[in-house]
Amino acid sequence: MAAHPALDLPDDPKLVGNITHFARALRRAGVPIGPGAVVGAIRAVAATGFHDKRDFYWTLHACFVNRPEHRAVFAQVFRLYWRDPRYLEHMMSFMLPSLRGVAQERQTQAGEKRAAEALLDGARAPAPDHEGPEDQDEPQVEVDASLTMSGTERLRHLDFEQMSVAEMAAAKRMLAQLRLPVPPILSRRMIADPLGSRVDRARSLRLAMRRGGEMQQIVYRRPRQRWPNLVVLCDISGSMSQYSRAVLHFVHALSNAKGQGWAKVHAFTFGTRLTNISRHLAQRDVDAALAAAGAQAQDWEGGTRIGACLAAFNRDWSRRVMGHGAVVLLITDGLDRDAPDQLARQTERLHLSARHLIWLNPLLRWDGFAPKARGIAAMLPHVDSLRAGHSIASLEGLAAAIGRRDDSGEKQRLLRG
72 MAAHPALDLP DDPKLVGNIT HFARALRRAG VPIGPGAVVG AIRAVAATGF
122 HDKRDFYWTL HACFVNRPEH RAVFAQVFRL YWRDPRYLEH MMSFMLPSLR
172 GVAQERQTQA GEKRAAEALL DGARAPAPDH EGPEDQDEPQ VEVDASLTMS
222 GTERLRHLDF EQMSVAEMAA AKRMLAQLRL PVPPILSRRM IADPLGSRVD
272 RARSLRLAMR RGGEMQQIVY RRPRQRWPNL VVLCDISGSM SQYSRAVLHF
322 VHALSNAKGQ GWAKVHAFTF GTRLTNISRH LAQRDVDAAL AAAGAQAQDW
372 EGGTRIGACL AAFNRDWSRR VMGHGAVVLL ITDGLDRDAP DQLARQTERL
422 HLSARHLIWL NPLLRWDGFA PKARGIAAML PHVDSLRAGH SIASLEGLAA
472 AIGRRDDSGE KQRLLRG
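Counting from 72, one number per residue, gives the positions in the sequence shown under the working numbering.
Quick look at the structure:
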């Protein structure tokens, strides 16, 4: 079947091969597509014809997209592959912003990064046309990597702020797989359970009264289990920007993962003001969710007023989201511009409202870290646990420790120091 000239296909276009390559790009971008869907798409295009862009788009959309969160990724990959005659040059300049200059960068749409990475899988910047005499005389250095850590292990312990674009993309995929399980809370309310450890005397007597007072069955019960809320307060000031983006990917995975035990996940960002982004993180597509959250939080990479923002949370949101014995994750470096007295007072109030208050501070990555800053010293006595939050390994440690009420992390060591 000949391709219609209305669509700008790559050189030497072969329709079946291009649909197959398009499906591979969607799979690399995170859309689950099997061989059957590819065969079905080829047959569908053969049946519907190849004469109109809109019909062609929705034919492939019907074959490849099964979930709402995949629509944005499909649209971006389709636009880059089928509709832009200079799609490769466009994506190379997008993936390598240094070629265009910072002033020419534009705001990307949801799913565009994954689309570009999928279609540029393995592509590199063009090499020089010739090698100079210095390059020819350059000695070849061979490195014995038999005793070095694997790439995954190195990435687990690498600081988020030191990661390249490719390393950050791989780290975000690893963060999406992390889980933060929490044990249930035993309520005072009871529920019937044949295997329970307590006898339900009232119900057993009622059953006996129905049978003339003869006790034929003993009913057991157990405490009802309930699950706490997870409340995340994330600092998005300039010093925390890179860490905040990585942690919010982690929080997005928690918001959309099922069966972890959290009743609800509430997320707030703060810099110079407090912003509730919980409804944005409910979107399944992580790029669309974080783009919407960033658009609402106008103080991204701005200043820091931790005390004022905690006061706004305690006043406006604490009663709404802190029920059911909520666990609070406070993600900040503690470097505040406001008075330390207000910060200490608001942190203490937050601590009294929470079942467990955990402070993630990326400054703990330094071996010689000490609570010398006034904001850090004001907050430290009022948290249950202080842990690092600068790498994937530190977040994995959080997942292992969050169910232990006696875990204080680095708090006691710093208080003694």
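Don't be surprised by glycine CBs; every beta carbon is placed ideally from N, CA and C.
As the structure is a prediction and not an experimental result, all values here were calculated from the model.
Quiz item: Roughly how many angstroms lie between the CA atoms of Lys85 and Leu131, to the nearest whole one?
Solution: On the sequence shown, residue 85 is found 14 positions in, with the first residue counted as 1. On the sequence shown, residue 131 is found 60 positions in, with the first residue counted as 1. About 16 Å.
Practice problem: Kindly say whether Arg426, judged by its beta-carbon, lies nearer than 8 Å to any beta-carbon of chain C. | Solution: In summary, chain C is missing from the structure at hand, where a single protein chain is found.
Self-check item: Ala360 beta carbon less than 8 Å from that of Gln354
Solution: Here residue 354 is taken as the residue at index 283 of the sequence shown, counted from 1. Here residue 360 is taken as the residue at index 289 of the sequence shown, counted from 1. Result yes, Cβ atoms of Gln354 and Ala360 sit closer than 8 Å.
Practice problem: Specify the secondary structure class of Val322 as computed by DSSP and reduced to three states. | Solution: Along the sequence shown, one-based indexing puts residue 322 at 251. Helix, per DSSP.
Quiz item: Straight-line CA distance for Ala108 to Leu97?
Solution: The residue given as residue 108 occupies position 37 in the sequence shown. The residue given as residue 97 occupies position 26 in the sequence shown. Cα to Cα, the separation comes out at about 12 Å.
Self-check item: Terminal residues of the beta strand (DSSP E) in which Val302 lies
Solution: Walking along the sequence shown from the start, residue 302 turns up at place 231. Here the beta strand (DSSP E) through Val302 covers Leu301 to Asp306.
Quiz prompt | Beta-carbon contacts of Phe321 that lie in its chain and below 7 Å, excluding the five residues immediately before and after | solution = The residue given as residue 321 occupies position 250 in the sequence shown. For Phe321, where only same-chain residues beyond five positions count, the Cβ hits under 7 Å are Leu246, Leu249 and Leu466.
Quiz prompt | Opening and closing residue of the beta strand (DSSP E) in which Pro103 lies | solution = Sequence index remark: in the sequence shown, residue 103 carries index 32 (1-based). Counting along the chain, Pro103 falls outside any beta strand (DSSP E), and DSSP gives it neither H nor E.
Exercise. Measure from the alpha carbon of His461 to the alpha carbon of each residue in Ser424, Arg386, Glu238 and Tyr314, then state which is nearest.
Key: Translated into positions along the sequence shown, residue 461 becomes position 390. Of the candidates Ser424, Arg386, Glu238 and Tyr314, the one whose C-alpha sits nearest the C-alpha of His461 is Tyr314.
Quiz item: Under three-state DSSP, which class holds Ala338?
Solution: Indexing the sequence shown from 1 puts residue 338 at position 267. It is a strand residue.
Quiz item: Can you tell me whether DSSP reads Ala410 as helix, strand or coil?
Solution: Your numbering for residue 410 matches position 339 in the sequence shown. Correct three-state label for Ala410: coil.
Exercise. Could you tell me whether any non-hydrogen atom of the ligand SAH is closer than 7 Å to the CB of Val454?
Key: Looking at this structure, you won't find the ligand SAH or any other ligand, since it has none at all.
Exercise. Look up Trp437 in the DSSP assignment and give the residues it is bridged to.
Key: Along the sequence shown, read from residue 1 onward, the residue named residue 437 stands at position 366. DSSP, once it has assigned bridges, lists no residue as partnering Trp437.
Practice problem: With distances taken Cα to Cα, identify the nearest neighbour of Arg386 among Leu352, Thr375, Leu421 and Leu325. | Solution: Within the sequence shown, the letter at position 315 stands for residue 386. The residue with the shortest Cα to Cα distance from Arg386 is Leu421.
Quiz item: Helix or strand or just coil, what does DSSP make of Ser465?
Solution: Taking the first residue of the sequence shown as position 1, residue 465 is located at position 394. Here Ser465 sits in helix by DSSP.
Practice problem: Pull up the CB-CB distance for Met311 and Arg292, whole angstroms please, since I reckon it's below 8 Å. | Solution: Your numbering for residue 311 matches position 240 in the sequence shown. Your numbering for residue 292 matches position 221 in the sequence shown. Contact doesn't hold; Cβ gap of about 48 Å is too wide.
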